[in-house]
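A.B. asks: Would you mind keeping the following structure in view while I ask a few things?
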Amino acid sequence: MKRFFLLISGVLTLAACSAEKTIQAERATTPVTAPPRVTMKPNTAYRTPAYASPSAQNPAVSLPSNFSPDVGVSFSSVRNSGNYIAMTFDDGPHPKNTPRLLDMLRQRNIKATFYVIGKSVNQYPEIVRRIHAEGHELGNHTYNHPNLTKLSNAKVRQELDTTRDAIISAAGVKPRTMRPPYGALRTNQREMIHSEYGYPTILWDVDPLDWKRPGTAVVKSRILSGTSSGSIVLAHDLHSTTVDAMPSTFDALLAKGYRFVTVSQLLAMKEVSQN
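What follows is the structure, given as structure tokens:
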């Protein structure tokens, strides 16, 4: 019996060795087929928008930006006799669109106000530093962009505190005004924020509804038709179509004789006119 098992074992071993040699021989003789070559083709359909050189620049504006809490609780415009307006941009910074917008503003010597989201400030602090370094104003637009009317006062404070701290960390400056997401804020909330933070609530009187992405021509037309002296213009640097509309919009507003200032400069004008 023992001899029988030894015999069977030997036969199986020889069979396994023979099979392995057969497989190796097949591998050696079978040609290896290379995978098909993939040719990458550029997207020739895309064209970067062409922007004409600015035909005019915003005049150098040397105006104070300091205002006291007594200036008021909430504003959608600040009428003045100097054709001064404030461009405001919400929901940034955006990693691509905000730097493009900053280039456009710098070319025209325009100073704007950016109502930034705290979460995005922490993601892109270098862009926030650039916004401040180039003379623009930073405003508080909450950390997570919630509807503040649905939050308790404690939650509202948390949204404002974390955003304020993010702006200070990124740019070394405190925001002086705030804008509620969706423009939604109860009267008692506005008063609480003004009393505790000194922030006036900044709304707007010109809204191109650019968040619906109606196209650059429509965004431009709505801003031009709605703007008057003292206007606070709302736009969003989150959307590429909005940023694409800005060069010709800025140039058209300059051609109409408007001069661009920050929101705080507008508020300081109101305070001066009251004295």
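Those letters in the sequence shown? Residues -18 to -1, 1 to 257, by mature numbering (1 follows the signal peptide of the UniProt record, and there is no 0).
A virtual CB, placed ideally from N, CA and C, is assigned to each residue, including glycine.
May I have the straight-line CA-CA distance separating Ser59 from Gln105, to the nearest angstrom?
C.D. replies: Sequence index remark: in the sequence shown, residue 59 carries index 77 (1-based). Sequence index remark: in the sequence shown, residue 105 carries index 123 (1-based). The straight-line gap separating the alpha-carbon atoms of Ser59 and Gln105 is approximately 31 Å.
A.B. asks: What's the call for Lys202, buried or exposed, on a 16-neighbour Cβ count within 10 Å?
C.D. replies: Indexing the sequence shown from 1 puts residue 202 at position 220. Buried is the call here.
A.B. asks: Going by other Cβ atoms of all chains shown within 10 Å of its Cβ, with 16 needed for buried, is Ala136 buried or exposed?
C.D. replies: Residue numbering aside, residue 136 sits at position 154 when the sequence shown is read from its first letter. Label assigned to Ala136: exposed.
A.B. asks: How is Asn79 classed by DSSP in three states: helix, strand or coil?
C.D. replies: Here residue 79 is taken as the residue at index 97 of the sequence shown, counted from 1. Reduced to three states, the DSSP call for Asn79 is helix.
A.B. asks: Which full runs of the beta strand (DSSP E) of 3+ residues lie inside the region 167 to 228, going along the chain?
C.D. replies: Runs of beta strand (DSSP E) with 3 or more residues, each lying fully within the region 167 to 228, are found at 214 to 218, listed in chain order.
A.B. asks: May I have the straight-line CA-CA distance separating Thr183 from Ala115, to the nearest angstrom?
C.D. replies: Here the question's residue 183 lines up with position 201 in the sequence shown. Here the question's residue 115 lines up with position 133 in the sequence shown. Our two residues, Thr183 and Ala115, have alpha carbons roughly 24 Å apart in a direct line.
A.B. asks: Looking at the secondary structure, which residues open and close the alpha helix (DSSP H) in which Gly100 lies?
C.D. replies: On the sequence shown, position 118 is the one that residue 100 refers to. Its alpha helix (DSSP H) spans residues Gly100 to Gln105.
A.B. asks: Taking the straight line between their C-alpha atoms, what separation do you get for Ala227 and Thr198?
C.D. replies: Here the question's residue 227 lines up with position 245 in the sequence shown. Here the question's residue 198 lines up with position 216 in the sequence shown. Roughly 5 Å separates the two Cα atoms.
A.B. asks: Tell me, to the nearest whole angstrom, how far the beta carbon of Arg241 is from that of Asn48; I am working on the premise that it is less than 8 Å.
C.D. replies: Here the question's residue 241 lines up with position 259 in the sequence shown. Here the question's residue 48 lines up with position 66 in the sequence shown. Arg241 to Asn48, Cβ: 19 Å. No contact.
A.B. asks: Whether or not the region 207 to 214 and the region 37 to 44 are in contact is what I'm after, with contact meaning three or more pairs of Cβ atoms, one per stretch, closer than 8 Å; do they touch?
C.D. replies: no
A.B. asks: Please report how far the alpha carbon of Pro179 lies from the alpha carbon of Arg146, in whole angstroms.
C.D. replies: Here residue 179 is taken as the residue at index 197 of the sequence shown, counted from 1. Here residue 146 is taken as the residue at index 164 of the sequence shown, counted from 1. Strictly speaking, residue 179 in this sequence is Tyr, with Pro absent from that position. Distance between the alpha carbons of Tyr179 and Arg146 is about 10 Å.
A.B. asks: For Ser222, collect the residues of the same chain with a Cβ closer than 7 Å to its Cβ; drop the 5 residues on either side in sequence, then sort them by chain order.
C.D. replies: On the sequence shown, position 240 is the one that residue 222 refers to. Counting only Cβ-Cβ distances below 7 Å, and skipping sequence neighbours, we find Asn79.
A.B. asks: Are the region 116 to 131 and the region 149 to 168 touching, with three or more C-beta to C-beta distances below 8 Å?
C.D. replies: Yes, since at least three Cβ pairs between the region 116 to 131 and the region 149 to 168 fall closer than 8 Å, the two stretches touch.
A.B. asks: So, are the CB atoms of Arg161 and Tyr97 less than 7 Å apart?
C.D. replies: Counting from 1 along the sequence shown, the entry for residue 161 is found at position 179. Counting from 1 along the sequence shown, the entry for residue 97 is found at position 115. Yes, the pair counts as a contact, with Cβ atoms nearer than the cut-off.
A.B. asks: Just how far apart, CA to CA, sit Ala42 and Leu87?
C.D. replies: Within the sequence shown, the letter at position 60 stands for residue 42. Within the sequence shown, the letter at position 105 stands for residue 87. Spanning the two alpha carbons is a distance of roughly 13 Å.
A.B. asks: Could you please give the first and the last residue of the uninterrupted alpha helix (DSSP H) stretch that includes Ile149?
C.D. replies: As a working mapping, residue 149 is identified with position 167 in the sequence shown. From DSSP, the alpha helix (DSSP H) with Ile149 extends over Asn135 to Ala153.
A.B. asks: Round the Cβ separation of Leu45 and Ala250 to the nearest angstrom and send it over; I've been treating them as touching at under 8 Å.
C.D. replies: Counting from 1 along the sequence shown, the entry for residue 45 is found at position 63. Counting from 1 along the sequence shown, the entry for residue 250 is found at position 268. 7 Å between Cβ atoms; contact.
A.B. asks: What residue from Asn62, Phe57, Met69 and Arg61 has the CA that sits closest to Leu206's CA?
C.D. replies: Within the sequence shown, residue 206 is the residue found at index 224, counting from 1. Considering only alpha carbons, the answer is Met69.
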